[in-house]
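Asks: Before I ask anything, let me first share the structure, which is written out below as structure tokens.
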């Protein structure tokens, strides 16, 4: 087992297994048989997801909870059609699926493993393993070859050294296990982020990992019970995201659906029904690049909409006004200090550019980790580098900088990070002028309101004084015999 399982290693004691039925060379699994885990939580066997008797797949599912959820499928692209198909161990120790002609329909892809006898077992974790009977070593395991589902203790990973990755691949449809168009992976960036692809295009992004959660998912706030752990080894170029069981809920799973949604489910404590613990994406703002470069998607309001960052204007007013925001925004004023020097560091200590700070932001894509020690160094380092377009100093991460156009930004009601965006001085001054005008206008309005209030009070007092004078003079008028008639 990989050392990256250490964050969840304490759970391994739950999944030890001894003395139960296994698949061997002499005991294959036929189409009408199943193999259960020792705790009866999982079952391995043949199934037909669309109730068709002509297409059979080998898969693993939850045994005790309905409706049935398939968590792993062996022959996703090659269903068998014969009732005489079987899953067995080859003479060289491979786990293989044979059709009625004894042709290999599926295998785990290794030609020669061992001369020792082997067996396949289904562990309490739902992990199907191939074991060398002599050494006891795992020669292969389904957790290292996931389909569309993660179970507790399974993981996504990458290794830049070996150029390998472990991903989730959706079903084509709800009833077709063949590979669909959505793939979920862990990116090799520092820090990593989760990314769902739709074909060759990014579809949904989690934002960089910060300590115990993803920064682009505001639902993962400080009160969220996060079932994920992250370990990244920058030196060796590896990273792994492990799914630990939801607290107090051993029966849980993560699934990449056929429509690109990444969901976390748990059982309701009984044998029927599932409760959705998390779902992403939640809104159109979560979809990758909804507002285009330098566009900000306002998830903080009831109806998600886009606006350009300060200092930017729509690239196409017509498209923008019609709700087509994907072309994004462009600068209203070019960065003056970096003209003709876009890829170098300015020599002087001062520049004519500055930064505008925006709160509650999902960090844009294409970030890089810079080696600056604190927020001020991060600020000054970005300011001196003409290619640096924005920066964010984030606790538990450090200094992130952006040297490419800012894409896939979302503003939340709360959570998120502070993002400082590079602007030309005229734009910063423009913002100050607008602020001064706004403050002046508000002050003027308040002044007029106070004047009107004072005038009203004065009129009221004059009227009251007039009435009081009349009441004082009335007795003398009556005593002198004067009578007023209307």
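Residue numbers (my numbering): 370 to 855. The beta-carbon is built from N, C-alpha and C at its ideal position, and this holds for glycine as well.
1. Under three-state DSSP, which class holds residue 466?
2. Identify the residues that DSSP records as bridge partners of residue 577: which are they?
3. Taking contact to mean 3 or more Cβ pairs, one atom from each stretch, closer than 8 Å, check whether the stretch 749-762 and the stretch 770-787 are in contact.
4. Which term fits residue 609, buried or exposed, when burial requires 16 or more other beta carbons within 10 angstroms of its beta carbon?
5. State whether the stretch 639-648 contacts the stretch 428-436, with contact taken as three or more CB pairs (one from each stretch) at a distance under 8 Å.
6. Closer than 6 Å by C-beta to residue 581: which residues in its own chain qualify, once you throw out the five before and the five after it? Chain order, please.
7. For residue 471, which of helix, strand or coil comes out of DSSP?
8. Using only alpha-carbon positions, find the residue among 783, 401, 688, 678 that is nearest to residue 700.
9. Take the Cβ of residue 457 as the centre, count every other Cβ of all protein chains shown within 10 Å, and call the residue buried at 16 or more, exposed below.
10. Would you mind listing the beta strand (DSSP E) stretches within the stretch 656-703 that are 3+ residues and don't spill past its ends, in chain order?
11. If I follow the unbroken beta strand (DSSP E) through residue 601, where does it start and stop?
12. Just confirm the distance between the C-beta atoms of residue 725 and residue 792, as a whole number of angstroms; I'd bet it's less than 8 Å.
13. Check whether the Cβ atoms of residue 601 and residue 560 lie closer than 8 Å to each other.
14. Roughly how many angstroms lie between the CA atoms of residue 419 and residue 398, to the nearest whole one?
15. Tell me which residue opens and which closes the alpha helix (DSSP H) that residue 748 is part of.
16. On a Cα-Cα basis, can you pick out the residue from 442, 506, 660 that is closest to residue 538?
17. What do you get for residue 470, buried or exposed, if any count of 16 or more other CB atoms within 10 angstroms of its CB means buried?
18. State the DSSP-derived secondary structure class of residue 783, mapped to helix, strand or coil.
19. How far does the beta strand (DSSP E) with residue 450 in it extend, from its first residue to its last?
20. Quick one: Cα of residue 781 to Cα of residue 646, how far?
21. Residue 778 bridges to which residues according to DSSP?
22. Do the CB positions of residue 569 and residue 577 come within less than 8 Å of each other?
23. Pull up the DSSP beta-bridge partners for residue 390, would you.
24. Alpha carbons only, please: which of 474, 563, 794 is nearest the one belonging to residue 857?
25. What is the rounded straight-line gap between the Cα of residue 622 and the Cα of residue 611?
Replies: In short, the structure shows the following:
1. Assignment of residue 466 by DSSP, reduced to helix, strand and coil, places it in the strand class.
2. Under DSSP, residue 577 shares a beta bridge with 562.
3. yes
4. buried
5. yes
6. 595
7. coil
8. 678
9. With a threshold of 16 other beta carbon atoms within 10 Å, residue 457 meets it and is buried.
10. 664-667, 674-677, 681-683, 698-700
11. 597-602
12. Indeed they touch by this definition, with Cβ atoms about 5 Å apart.
13. yes
14. 22 Å
15. 744-753
16. 442
17. Result: exposed.
18. coil
19. Unbroken run through residue 450: none, as it is neither H nor E.
20. 20 Å
21. 665
22. no
23. According to DSSP, which records beta bridges pairwise, residue 390 is partnered with nothing at all.
24. Outside the displayed range of the chain (370 to 855) lies residue 857, so it cannot be described from this structure.
25. 12 Å
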